[in-house]
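Some notes on the structure that comes next.
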Amino acid sequence: MRTQVGIIGGGPSGLLLSQLLHLQGIDTVVLERHSRDYVLGRIRAGVLEHGFADLMREAQVSDRMDAEGEIHDGFDIAYDGKRHRVDLKGLTGGNTVIVYGQTELTRDLYEGRDRLGGVVVHNAEDVTPHAFDGNGSPYLTYRLGEAVHRVDCDFIVGCDGFHGVSRTSIPKDVLKEYETVYPIGWLGVLSRTPPVSKELIYVNHERGFALCSLRSQVLSRYYVQCTLDDSVEDWSDERFWAELIARLPEDAAATIVTGPSIEKSIAPLRSYVAEPMRYRNLFLAGDAAHIVPPTGARGLNSAASDIYYLYHAMVDHYRKGDPTGLDRYSERALARVWKGQRFSWWMTRLLHRFPDANDFDRRLQKTELDYLFSSQAAMQSLAENYVGLPF
Ligand code: FAS
Ligand code: PHB
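Encoded structure:
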């Protein structure tokens with residue numbers, strides 16, 4: 007098989023890039039190691055920056071997002087038992103976010119690929135990138151059952167997430183990795199219950215962080231900070247609801263509707279960036295290159311940011327013969343990735359209880375929160391990062 011851009015990974019990054027390039031007449035093949043159902047079985051992000059929503063519209067896969075996604079003008083941060091609203095719309099001159107689950111967004115992208123006749127190979131095992139170092143033409147190999155297949159291409163894009171094959175295919179002496187691992191995790195629960203609040207509530211509590219989010223008016227998404235020793239088995243639904251309620255401000259604790267969990271998972275918190283995001287004819291995008299703690303809702307949005315830059319760079323290369331975008335992809339993408347890293351790190355430090363924190367740390371955290379809600383400038387900084395900085 008021959009194509010122009012060989013993409014490893016059929017998650018949001020790979021599918022969005024494939025869809026956008028297809029609409030510009032640029033051929034792609036997506037190799038995904040799991041089935042579509044498996045990919046759509048994952049429960050992950052929930053908040054889309056307005057720039058990401060625009061990309062979905064440009065990719066012609068936004069009808070359901072625009073019909074079912076909820077536009078949110080703000081969210082609350084609760085601490086010391088009180089809720090403080092962050093007026094995103096007012097603080098950013100009208101920008102908002104869309105609350106729309108990654109699962110549904112990925113489903114929309116798959117349906118968009120189907121509509122255009124896009125090539126997405128599922129259950130592709132042992133996907134391996136070859137000859138991407140500039141000596142010869144790049145190609146991918148993969149296995150379907152016993153049969154080995156080959157995809158010849160001009161470029162390879164690793165959209166294969168943190169545990170993929172693309173980043174680790176870059177020579178060790180080329181890659182510079184930056185990482186901090188937090189001694190905490192998030193236990194997330196999805197329940198068919200009405201959300202406790204119209205907008206998200208982020209909670210800083212002495213027992214630990216909590217977050218009240220949603221997927222629709224009948225589907226709620228809740229999180230509590232847990233330890234890295236915790237396992238899902240340690241957390242019955244009863245224990246989860248009791249702990250969440252213990253951390254919520256009074257009004258929310260009194261009105262929350264609990265119910266059986268339909269999904270329960272623990273995600274460890276980590277900040278990670280691999281540089282560069284290009285090695286000759288191999289590009290990295292999304293979680294393949296960077297990971298953030300979910301506190302700032304930047305993970306999926308940082309992936310979309312990479313796709314924005316790579317998409318425009320590929321179009322300039324193929325349509326105008328201009329390599330500038332490709333040559334500057336890593337520099338441009340990383341500039342925005344690192345701002346997302348900073349914001350996610352800052353929100354995580356602001357809202358969680360760290361086991362190694364002393365009295366000074368905790369007093370400083372409270373001062374940071376008091377300052378935030380006493381300063382228009384500080385709130386504006388929070389708001390402009392949350393709705394998404396310009397591409
Ligand atoms: P993904 O990991 O989504 O997709 C990579 C794809 O590549 C997968 O389908 C995988 O099967 C495939 N793949 C991997 N290796 C392969 C190989 N060798 N060959 C072929 N295919 C391969 N972000 C938020 O903003 N908010 C959140 O609340 C949030 N919660 C999260 C919870 C968890 C448990 C995780 C893991 C992430 C969470 N994220 C969250 C971040 C998440 O949304 C990512 O940013 C997003 O999935 C990134 O999309 P992709 O880059 O496409 O990577
Ligand atoms: C979610 O709804 O899953 C969600 C929302 C905001 C975050 C993290 C996760 O910061």
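Here our numbering is used: the first residue of the sequence shown is 7, the next is one more, and so on. Positions of the beta carbon are idealized from the N, C-alpha and C atoms, including for glycine.
Beta-carbon within less than 6 Å of residue i's beta-carbon, same chain only, minus the 5 sequence neighbours each way: which residues are those?
{"i": "ALA303", "result": "VAL53"}
{"i": "SER219", "result": "GLY52, LEU206, ARG227"}
{"i": "ARG89", "result": "ASP82, PRO255"}
{"i": "GLN386", "result": "LEU97"}
{"i": "LEU26", "result": "ALA65, TYR317"}
{"i": "GLU183", "result": "ALA280"}
{"i": "LYS270", "result": "VAL195, VAL238"}
{"i": "ASN101", "result": "HIS56, VAL393"}
Heavy atom of the ligand PHB less than 7 Å from the Cβ of residue i, yes or no?
{"i": "ARG355", "result": "no"}
{"i": "VAL53", "result": "yes"}
{"i": "LEU206", "result": "yes"}
{"i": "PRO300", "result": "yes"}
{"i": "LEU46", "result": "no"}
{"i": "ALA216", "result": "no"}
{"i": "ALA303", "result": "yes"}
{"i": "SER226", "result": "no"}
{"i": "SER219", "result": "yes"}
Hey, residue i and residue j: beta-carbon distance below 8 Å or not?
{"i": "TYR106", "j": "GLY75", "result": "yes"}
{"i": "PRO299", "j": "SER237", "result": "no"}
{"i": "VAL230", "j": "ARG198", "result": "no"}
{"i": "VAL67", "j": "THR34", "result": "no"}
{"i": "LEU288", "j": "ILE176", "result": "yes"}
{"i": "ALA309", "j": "GLY327", "result": "no"}
{"i": "VAL163", "j": "LEU146", "result": "no"}
{"i": "ILE32", "j": "ASP166", "result": "no"}
{"i": "ASP240", "j": "PRO266", "result": "no"}
{"i": "ASN210", "j": "TYR377", "result": "no"}
So, at 7 Å on beta carbons, what are the nonlocal neighbours of residue i in its own chain, with the 5 sequence-adjacent residues on each side left out?
{"i": "LEU46", "result": "THR109, THR112, ARG113"}
{"i": "PRO274", "result": "GLY191, LEU234"}
{"i": "ASP132", "result": "TYR148, ARG149"}
Strictly by DSSP, which residues pair up with residue i?
{"i": "PRO274", "result": "GLY191"}
{"i": "LEU111", "result": "LEU111 is not bridged to any residue."}
{"i": "THR186", "result": "SER277"}
{"i": "TYR229", "result": "GLY194, LEU217"}
{"i": "VAL127", "result": "LEU37"}
{"i": "HIS78", "result": "VAL103"}
{"i": "ARG435", "result": "Outside the shown range of the chain (7 to 397) lies residue 435, about which nothing can therefore be said."}
Closer than 7 Å to a non-hydrogen atom of the ligand FAS - does that hold for the CB of residue i?
{"i": "CYS165", "result": "yes"}
{"i": "VAL133", "result": "yes"}
{"i": "PRO18", "result": "yes"}
{"i": "SER271", "result": "yes"}
{"i": "HIS78", "result": "no"}
{"i": "HIS136", "result": "no"}
{"i": "ILE13", "result": "no"}
{"i": "VAL157", "result": "no"}
{"i": "GLU38", "result": "yes"}
{"i": "GLY394", "result": "no"}
Between residue i and residue j, how many whole angstroms is the CB-CB distance? I'm expecting something under 8 Å.
{"i": "HIS155", "j": "MET353", "result": "Actually they do not touch by this definition, with Cβ atoms about 43 Å apart."}
{"i": "ALA130", "j": "ARG39", "result": "6 Å"}
{"i": "HIS93", "j": "ASP79", "result": "Residue identity check: residue 93 is Asp in the sequence provided, not His. Right, their Cβ atoms sit about 7 Å apart."}
{"i": "ARG284", "j": "SER336", "result": "4 Å"}
{"i": "TYR278", "j": "ILE262", "result": "Not quite, the Cβ-Cβ distance comes to about 34 Å (not below 8 Å), so this is no contact."}
{"i": "ARG342", "j": "PHE397", "result": "7 Å"}
State yes or no: is the C-beta of residue i nearer than 7 Å to some heavy atom of the ligand SAM?
{"i": "GLN108", "result": "Looking for the ligand SAM in the displayed structure turns up nothing; the ligands present are the ligand FAS and the ligand PHB."}
Kindly list the residues whose CB is nearer than 8 Å to the CB of residue i, restricted to its own chain and excluding five residues on each side of it in sequence; keep chain order.
{"i": "HIS323", "result": "PRO329, GLY331, LEU332"}
{"i": "ILE451", "result": "One cannot answer for residue 451 here, as it falls past the ends of the chain, which runs 7 to 397."}
{"i": "TYR44", "result": "none"}
{"i": "VAL171", "result": "ILE14, VAL133, THR134, PRO135, GLY164"}
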